[in-house]
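**Q**
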Amino acid sequence: MKTFDYVITDEVGLHARPAGMLVVEAKKYASDIMINKAGKKADAKKIMMLMTLGVKCNEEVTVEISGEDEEKAAVEMEKFFKENL
Amino acid sequence: MKDKIFEVLQRVGRSFMLPIAILPVAGLLLGLGSSFTNETTIATYHLGGILGEGTILHALLVIMNKVGSAIFDNLPLLFAVGVAIGMAKKEKEVSALSAVIAYFVMNISISGMLEINGKITADGKIASDVLTGTIASVCGINTLQMGVFGGIIVGLGVAALHNRFHKIQLPNALSFFAGSRFVPIISTVVYMFVGILLYFVWPVVQNGIYALGGLVTGSGYGGTLLFGIIKRALIPFGLHHVFYMPFWQTAVGGTMEVAGNVVQGGQNIFFAQLADASHVTHFSADATRYFSGEFIFMIFGLPGAALAMYRTAKPEKKKQVGGLLFSAALTSMLTGITEPIEFSFLFVAPILFAVQVALAGAAYMIAHMLNIAVGLTFSGGLLDLFLFGILQGNEKTSWLLIIPVGIIYFFLYYFIFSFLIKKMNLKTPGREDDDQEVKLYTKADVNAKRENTSKNGEAVQDELSELITRGLGGKKNIDGVDCCATRLRCTVIKPDLVDDALLRSTGASGVIHKGSGIQIVYGPHVTVIKSNLEDYLETAPDVEYTKDNIDSMEETKEVQEEHREEKVTKTITVSSPITGIAADLATAPDEAFAGRMMGDGAVVTPQDALITAPEDGEVVFVFDTKHAIGFLTDSGLSMLLHIGIDTVKLEGKGFEVLVENGQKVKKGDPMMRLDLSYLSENAPSLASPVLCTELEDNQKIRLLKEGEIKAGEPLFAVDFYE
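Chains as they are written, first to last, in this note's numbering: chain H, 1 to 85; chain E, 86 to 807.
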């Protein structure tokens, strides 16, 4: 399993549109991708779950990636977070 | 082929459940009624005061007895109808009626043959050279005794005829008799000949069985075993009466001198000894060997089988089958009527019946060997055990031995049944595959459709049905379909959605409105149109067509073309939560939404301040910024209602949320109030995406309405493909 932490910089937080983009990105990989925030966990491939987390700007999330393509997924996801969130 | 037979047997077995469900009650009525109105019983126990002829209780018991008998006597008819209903694929009521007709036709034509050949005299009496028990009266018709088997012949045959002919088309002059009306006609003709044929075939079977009797008499314990096995094996064919009656009632079953008279037949000997009880030290087990064993498996064995079936039923079905099995077991124990329980496994798992026959047959022999001599009037239940065993005392009957043997039998049945059911995955009640029938249907339907399309253009019919459905305002608008001689009679929910012109274009010569009743005049071939329409409606998407959305339907139809080969298995309609202007999601002024990144659905621009629940469901979450609600419908769709574009930046201003996280709501409950003037000034757009966020690959959105929409009106449909 690969993990990385990230502090959201997008001013609206992990809201509908950013969440939608995240889901589209996460679905590219076979690995399970989970987003953790303050003990709550959500599947990054399920938009409803993501939005239920209510992640806001300046909050830190932990991304857990596990599966056969986790190496590649971890690198790409981290890049995606930095560019978009 | 083997699978096919198994599958048919399973369907037959399932179709028996309806008539079988009445048997326990009928059995209790018959058992109680006949035991306590038996003159010997009354005389022996000096019950004349309360149960004798002329008392109210006696009258009641006589009626109970008759009611129970009526059901058992007409069991073949009940099975004919039950099987026909169970086996017919469509329009089951037609096959039920046809089965009744065919049953009478078959029996009366047998009766006719019997009369012509002198087996029945002109005044309706049975000729003296006819074997006892081979001719019986069925609903007042003297016919060959065929038992339940006769009913099954009718049920299976009629269902086959029905499935084959219920959509037949005839030349125009005869078209009134086409379709389902043809089924009773063809059944009548066919069963007239079946009856004639049976007149020749059945007596051969009966004579063979009668001859078996000779085998039994000469031998000792082995003969008793053989008797038991044959008697039990004949029950489903109704032939056991032919077989055992001679043993019970005539010299075939032995003769004995009791109190100075020569008495013939096992049962007669027992009752003669009972009447002369003071001079008898122990009742003759040689006489009772033809029935004493029944107590063992009826009171103990079969309830064990019932318990095994109950324990092996699927957990979710236990409650449902528990009632059936419990009452069937109780009937067997109390009255000794075993049909309810035997028929529950006989057809779905013939091997279990083989076990039952072997064990039960052995029970007769065991009772004979142990010198158990308990008589019975009717059958081997607790009632008879009490009257003719317990009350007579162990010295004369050895009834106590029934208990240890019975307990062993209970466990034998329980373990053998449990083992076989699990090992062979037998589909006893409560273990059926639910979806199997449905699956078989669709498969068969698909194949039939394919065949027809290539053969005679059934596709044209389906298109016709589709047009009629559309002309009537869509499946959702159709409440019922029926027909008379020339008219298709439909009941619709909203008469104003009916498109007369479209209906006329389907070949109708007229369309008549009567409130919510719509009559479309087609002519005498209407029965076929009706059948096809019913078939079509079974699988059609449950939508409503209005004049406004027909055009947009045409557009979306093109999109659907590519999914044509797949079949829509389910459709969920989602209503608008907003009163305003509905449009395709692609028109949303935001590329993330328009590109369907967040999910698929529609966009509605609100004109009314109130946002309501689109369907029954649960509010999953409300954003802190109040501008969007996550919603889970009771039908399982995850939805996002996002009010306006970029409204997250308003930080809650302009929104008043009326629900909270986790709240259950009903369709139409208010969820949010908007400050429309504030929002239209401060948000880039008020266009509000209404989305299903977690669609699977086989779920597609179909927009149902564009333009003005009221909250609660259908907005889009989610079609589930195979």
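Glycine is no exception: its CB is placed at the ideal position from the N, C-alpha and C atoms.
Could you tell me the distance, in whole angstroms, from the CA atom of E200 of chain E to the CA atom of T206 of chain E?
**A** Reading the second sequence from its first residue, position 115 is the one you call residue 200 of chain E. Reading the second sequence from its first residue, position 121 is the one you call residue 206 of chain E. Between E200 of chain E and T206 of chain E, the C-alpha separation is close to 6 angstroms.
**Q** Thinking just about the alpha-carbon of each residue, which of E:L444, E:L622, E:R516 is nearest to the one in F500 of chain E?
**A** Residue mapping note: residue 500 of chain E aligns to position 415 of the second sequence, counting from 1. The option with the nearest alpha carbon to F500 of chain E is E:L444.
**Q** With respect to the beta strand (DSSP E) encompassing A687 of chain E, which residues constitute its N-terminal and C-terminal limits?
**A** Looking up residue 687 of chain E in the second sequence gives position 602. Where A687 of chain E is concerned, the enclosing beta strand (DSSP E) stretches over 685–691.
**Q** Any beta-carbon of chain H closer than 8 angstroms to the one on L725 of chain E?
**A** In the second sequence, residue 725 of chain E corresponds to position 640, counting from 1. Yes, because at least one Cβ of chain H sits closer than 8 angstroms to the Cβ of L725 of chain E.
**Q** Beta carbon of V688 of chain E, beta carbon of T658 of chain E: below 8 angstroms?
**A** As a first step, residue 688 of chain E is located in the second sequence; it is residue number 603 there, counting from the start. As a first step, residue 658 of chain E is located in the second sequence; it is residue number 573 there, counting from the start. No, the pair does not count as a contact, with Cβ atoms beyond the cut-off.
**Q** Answer with buried or exposed for E70 of chain H, where buried requires no fewer than 16 other C-beta atoms within 10 angstroms of its C-beta.
**A** Numbered from 1 along the first sequence, position 70 holds the residue referred to as residue 70 of chain H. E70 of chain H comes out buried.
**Q** Nearest to G478 of chain E by alpha carbon, out of E:Y494, E:G491, E:G466, E:G460?
**A** To locate residue 478 of chain E, count along the second sequence from 1; it is residue 393. Ranking the options by Cα distance to G478 of chain E, first place goes to E:G460.
**Q** Which residues in chain H sit within 7 angstroms of F706 of chain E, going by Cβ to Cβ distance?
**A** Reading the second sequence from its first residue, position 621 is the one you call residue 706 of chain E. Those within 7 angstroms of F706 of chain E in chain H are M51, T52.
**Q** When the Cα atoms are used, what is the spatial distance from E32 of chain E to L113 of chain E?
**A** Absent from the structure is residue 32 of chain E, since the part of chain E shown begins at 86 and ends at 807.
**Q** Under a CB-based cut-off of 8 angstroms, is E779 of chain E close to chain H?
**A** To locate residue 779 of chain E, count along the second sequence from 1; it is residue 694. Yes, E779 of chain E lies at the interface with chain H (some Cβ there is under 8 angstroms from its Cβ).
**Q** If you check the beta carbons only, do S260 of chain E and H251 of chain E fall under 8 angstroms apart?
**A** As a working mapping, residue 260 of chain E is identified with position 175 in the second sequence. As a working mapping, residue 251 of chain E is identified with position 166 in the second sequence. It is not a contact, given that the beta carbons lie outside the stated cut-off.
**Q** To the nearest angstrom, how far is it from the Cα of A263 of chain E to the Cα of L573 of chain E?
**A** Within the second sequence, the letter at position 178 stands for residue 263 of chain E. Within the second sequence, the letter at position 488 stands for residue 573 of chain E. Their Cα atoms are separated by approximately 15 angstroms.
**Q** Can you pull the chain E neighbours of M21 of chain H, defined as C-beta to C-beta under 8 angstroms?
**A** Position 21 of the first sequence, counting from 1, holds the residue named residue 21 of chain H. Neighbours of M21 of chain H on chain E, chain order: A677, M682.
**Q** Are there 16 or more other CB atoms within 10 angstroms of the CB of L300 of chain E, so buried, or fewer, so exposed?
**A** In the second sequence, counting from the first residue as 1, residue 300 of chain E sits at position 215. Classification of L300 of chain E: exposed, given that the 10 Å Cβ count is below 16.
**Q** Quick one: grab the DSSP three-state call for P50 of chain E.
**A** Residue 50 of chain E lies beyond the range of chain E shown here (86 to 807); nothing can be said about it.
**Q** Name, going along the chain, the residues of the region 30–41 of chain H whose beta-carbon falls closer than 8 angstroms to a beta-carbon of chain E.
**A** Under the 8 angstroms Cβ criterion, the region 30–41 of chain H contributes no residue.
**Q** Hey, does G715 of chain E have any beta-carbon neighbour from chain H nearer than 8 angstroms?
**A** Locating residue 715 of chain E in the second sequence gives position 630, counting from the first residue. With 8 angstroms as the cut-off, G715 of chain E counts as an interface residue toward chain H.
**Q** Considering only residues of the same chain and omitting the five flanking positions on each side of G592 of chain E, which have a CB-CB separation below 7 angstroms?
**A** Walking along the second sequence from the start, residue 592 of chain E turns up at place 507. Excluding sequence neighbours, G592 of chain E sits near Y607.
**Q** Quick one: which chain H residues come within Cβ less than 8 angstroms of D709 of chain E?
**A** What you label residue 709 of chain E is simply residue 624 of the second sequence in a count that begins at 1. Near D709 of chain E (Cβ distances below 8 angstroms), the residues of chain H are G54, K56.
**Q** Got a sec: which bits of the region 723–747 of chain E sit with their beta carbon under 8 angstroms from any beta carbon on chain H, in order along the chain?
**A** Against chain H - using a Cβ distance shorter than 8 angstroms - the residues of the region 723–747 of chain E are S723, L725, H727, V733, K734.
**Q** Could you pull out every unbroken alpha helix (DSSP H) segment of at least 4 residues lying fully inside the region 361–448 of chain E, listed in chain order?
**A** For the region 361–448 of chain E, whole alpha helix (DSSP H) runs of length 4 or above, ordered along the chain, are 370–373, 387–397, 403–420, 424–431.
**Q** May I have the straight-line CA-CA distance separating A667 of chain E from A398 of chain E, to the nearest angstrom?
**A** Locating residue 667 of chain E in the second sequence gives position 582, where the first residue counts as 1. Locating residue 398 of chain E in the second sequence gives position 313, where the first residue counts as 1. Near 50 angstroms, if we compare the C-alpha coordinates of A398 of chain E and A667 of chain E.
**Q** How would you label D5 of chain H, buried or exposed, when you count the other beta carbons within 10 angstroms and need 16 or more for buried?
**A** Numbered from 1 along the first sequence, position 5 holds the residue referred to as residue 5 of chain H. Exposed, by the Cβ-count rule.
**Q** Are the beta-carbon atoms of M21 of chain H and M682 of chain E separated by less than 8 angstroms?
**A** Locating residue 21 of chain H in the first sequence gives position 21, counting from the first residue. Locating residue 682 of chain E in the second sequence gives position 597, counting from the first residue. Against a cut-off of 8 angstroms, the Cβ pair of M682 of chain E and M21 of chain H comes out as a contact.
**Q** Quick check: the Cα distance between L855 of chain E and G137 of chain E, rounded to an integer number of angstroms?
**A** This structure leaves residue 855 of chain E out entirely; chain E is present only between 86 and 807.
**Q** Please determine, among E:H367, E:T366, E:D371, the residue with the shortest C-alpha to C-alpha distance to Q352 of chain E.
**A** By 1-based counting over the second sequence, the position of residue 352 of chain E is 267. If we check each option's Cα against that of Q352 of chain E, E:D371 comes out closest.
**Q** Please go through the same chain and pick out, in chain order, the residues whose beta-carbon is closer than 8 angstroms to the beta-carbon of V750 of chain E, but skip the five residues on each side of it.
**A** The residue you call residue 750 of chain E lines up with position 665 of the second sequence. Once the five neighbours on either side are set aside, the close Cβ partners of V750 of chain E are A698, D701, G702, E703, V704, V744, M756.
**Q** Residues in the same chain with beta-carbon distance under 8 angstroms from K507 of chain E, minus the five sequence neighbours each way, listed in chain order, please.
**A** Locating residue 507 of chain E in the second sequence gives position 422, counting from the first residue. Cβ neighbours of K507 of chain E beyond the five flanking positions: T397.
**Q** Beta carbon of V85 of chain H, beta carbon of I8 of chain H: below 8 angstroms?
**A** Residue 85 of chain H sits at position 85 when you count from the first residue of the first sequence. Residue 8 of chain H sits at position 8 when you count from the first residue of the first sequence. Reading off the sequence, residue 85 of chain H comes out as Leu, not Val. Yes, the Cβ-Cβ distance between L85 of chain H and I8 of chain H is below 8 angstroms.
**Q** Do T554 of chain E and A625 of chain E have their C-beta atoms within less than 8 angstroms of each other?
**A** Taking the second sequence and counting its residues from 1, one reaches residue 554 of chain E at position 469. Taking the second sequence and counting its residues from 1, one reaches residue 625 of chain E at position 540. In contact: T554 of chain E and A625 of chain E (Cβ atoms closer than 8 angstroms).
**Q** Taking a Cβ distance cut-off of 8 angstroms, strictly less, list which residues of the region 56–79 of chain H are near chain E, in chain order.
**A** Flagged, chain order: K56.
**Q** When DSSP builds the beta bridges, which residues end up paired with H727 of chain E?
**A** For the purposes of this step, residue 727 of chain E is identified with residue 642 of the second sequence, where counting begins at 1. DSSP, once it has assigned bridges, lists E:A713 as partnering H727 of chain E.
**Q** Name the residue from E:S304, E:T513, E:V239 whose alpha carbon lies nearest to the alpha carbon of V812 of chain E.
**A** Residue 812 of chain E is absent from the structure shown; chain E starts at 86 and stops at 807.
**Q** For chain E, find out if any of its Cβ atoms is closer than 8 angstroms to the Cβ of A44 of chain H; answer yes or no.
**A** As a working note, residue 44 of chain H is residue 44 in the first sequence. No, because no Cβ of chain E sits closer than 8 angstroms to the Cβ of A44 of chain H.
**Q** Are the CB atoms of E68 of chain H and M1 of chain H within a distance shorter than 8 angstroms?
**A** Numbered from 1 along the first sequence, position 1 holds the residue referred to as residue 1 of chain H. Numbered from 1 along the first sequence, position 68 holds the residue referred to as residue 68 of chain H. No, these two residues do not count as a Cβ contact at 8 angstroms.
**Q** Based on the DSSP output, what are the partners of C57 of chain H in its beta bridges?
**A** Along the first sequence, one-based indexing puts residue 57 of chain H at 57. C57 of chain H pairs with nothing; no bridge assigned.
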